[in-house]
Amino acid sequence: MDFISESDMEKIRNANEKRKVKLPDGTFVPSLGQGTWYLGENPSTREREIKTLKLGIELGMTLVDTAEMYGDGGSERLVGEAIRGIRDSIFLVSKVYPHNAGSKNIFTSCENSLKRLGTDHLDLYLLHWRGGVPFQETVECMEKLKKQGKILRWGVSNLDTADMKELMSCSGSENCMANQVLYHLGSRGIEFDLMPWQRECNIPIMAYCPIAKGGRLRKELLEDEAVNEIALKYHVRPLQVLLAWVIRDDDIIAIPKASREEHVIENAEAASIVLSKEDIDRLDRVFPKPDKKVRLEIL
Ligand code: NAP
918 MDFISESDME
928 KIRNANEKRK
938 VKLPDGTFVP
948 SLGQGTWYLG
958 ENPSTREREI
968 KTLKLGIELG
978 MTLVDTAEMY
988 GDGGSERLVG
998 EAIRGIRDSI
1008 FLVSKVYPHN
1018 AGSKNIFTSC
1028 ENSLKRLGTD
1038 HLDLYLLHWR
1048 GGVPFQETVE
1058 CMEKLKKQGK
1068 ILRWGVSNLD
1078 TADMKELMSC
1088 SGSENCMANQ
1098 VLYHLGSRGI
1108 EFDLMPWQRE
1118 CNIPIMAYCP
1128 IAKGGRLRKE
1138 LLEDEAVNEI
1148 ALKYHVRPLQ
1158 VLLAWVIRDD
1168 DIIAIPKASR
1178 EEHVIENAEA
1188 ASIVLSKEDI
1198 DRLDRVFPKP
1208 DKKVRLEIL
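FYI, the numbering for the sequence shown is 918 to 1216, going by this note's numbering.
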């Protein structure tokens, strides 16, 4: 490995092993996982992407997030290849399209995901976003998949507070393990109502786009003086400050995506950055959380 020494790898792995989030069923998962959107779509970068994912796993980012949607199954196939032989050490998350999330299609969808991933079960299966299938039907299907042993748990994605409340009125919904939503320092809408509500219900947030797509979603984040001064203080990069900020509390999981080894190392290093209250207060002043309802941002 050209980028990192064995002893540095061990340090990073240890830091990641200490940062865990407890799911409602008592299972601990890493605060930092790995996203895989757009992986497996380009044959010329495939090998590099697999190496990166494997390195992230070695560094302790053992939660891997994918979806049947990503590259029409291409991401699941790539993940399957990367986790071959180490499946048991992975917390594997995939998502079902809303139009497949009913009794007509979900069982085939799940089976196809399992085949592409080369496994017999998912650790977590998420409804990708709300569609036309009633929540009650999806919940019943998810519970059936659990009984069949095809999935160990289920959750949702892209549900705002009103949708979550509606979901919670369904029988079986107490088994919802997470809501995966967009969350980064420049997009704090969920802190007004969704996050406090989920905290009351003990449902963790899984943050997607935690580094605002490498800063591309909000250019000012990486240029900001406070972010840069905090990065200097910890001898890290501004992007790592963004990631450390997302996982500042122990009930938020972040799933940054990287397709380059140097990136995944930086992301994994963020597990050892613990921002002080002073840093967090300073970032709050520059990028304040909203004081009124903001619609959930969706990508
Ligand atoms: P992201 O993780 O915020 O950003 C990914 C981008 O950041 C990539 O372009 C990556 O470049 C770059 N990057 C990663 N680490 C970096 C580093 N250390 N320095 C500089 N650049 C870095 O955005 P995302 O991929 O959209 O979101 C993360 C994951 O969340 C997805 O992959 C997917 O699994 C999930 N997601 C879910 C939903 C949903 O609807 N549920 C929606 C969006 C995303 P390289 O690839 O070149 O390394």
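Quick reminder that beta carbons are idealized off the backbone N, C-alpha and C, glycines included.
Small disclaimer: the values here were computed from a predicted structure and weren't measured.
Need the endpoints of the beta strand (DSSP E) that Asn1096 sits in, please.
Counting along the chain, the beta strand (DSSP E) containing Asn1096 begins and ends at 1093-1099.
Is any beta-carbon of chain C found at less than 7 Å from that of Leu995?
The chain inventory of the structure shown lacks chain C, comprising one protein chain alone.
Return the Cβ separation of Leu949 and Ala1185 in integer angstroms, given the expectation that the two are a contact with Cβ distance under 8 Å.
7 Å
Nearest by alpha-carbon distance to Ile1172: which of Lys1082, Lys1063, Ser1020, His1101 is it?
If we check each option's Cα against that of Ile1172, His1101 comes out closest.
Are Pro1121 and Asp1168 close, meaning C-beta to C-beta below 7 Å?
yes
Local conformation of Tyr987 per DSSP, three classes:
Residue state, collapsed to three classes: helix.
Nearest-angstrom beta carbon gap, Ala984 and His1045 [assumed within contact, 8 Å]:
6 Å
Buried or exposed: where does Thr1036 fall if 16 or more other Cβ atoms within 10 Å of its Cβ makes it buried?
buried
What are the residues that DSSP puts in a beta bridge with Asp1141?
According to DSSP, which records beta bridges pairwise, Asp1141 is partnered with nothing at all.
Where Thr1025 and Asp989 are concerned, what is the direct C-alpha to C-alpha distance, given to the nearest angstrom?
15 Å
Out of curiosity, what's the CA-to-CA distance linking Arg963 and Leu1149?
34 Å
Contact set for Met986: own chain, Cβ-Cβ below 8 Å, skip 5 residues either direction:
Lys1012, Tyr1014, His1045
For Arg1004, which residues in the same chain have their Cβ closer than 6 Å to its Cβ, ignoring the five residues on either side in sequence?
Thr1036
Let me check understanding here. Comparing Cα to Cα, which of Leu1134, Leu1156, Lys1130 lies closest to Glu1142?
Leu1156
Using only the alpha-carbon positions, how far apart do Asp1196 and Glu1028 sit?
46 Å
If you measure from the CB of Pro941, is any heavy atom of the ligand NAP nearer than 6 Å?
no
C-alpha gap between Pro960 and Gly991, whole angstroms
10 Å
My understanding is that Asn1075 touches Val1098, with C-beta atoms under 8 Å, so please give their C-beta distance in whole angstroms.
With 8 Å as the limit, Asn1075 and Val1098 qualify as a contact, their Cβ atoms being about 6 Å apart.
Work out the CA separation of Glu934 and Lys968 for me, nearest whole Å.
21 Å
For a test of the three-state rule: what should DSSP assign to Gln1065, helix, strand or coil?
coil
Could you spell out where the beta strand (DSSP E) holding Val938 opens and where it closes?
937-939
Could you check whether Asp982 and Gly957 sit closer than 7 Å to each other, using their CB atoms as the reference points?
no
Thinking C-beta only, is Phe1008 closer than 7 Å to Glu1179?
no
Check this for me: beta carbons of Leu972 and Val1181, under 7 Å apart or not?
yes
May I ask you to report which of helix, strand or coil DSSP gives Ser1086?
coil
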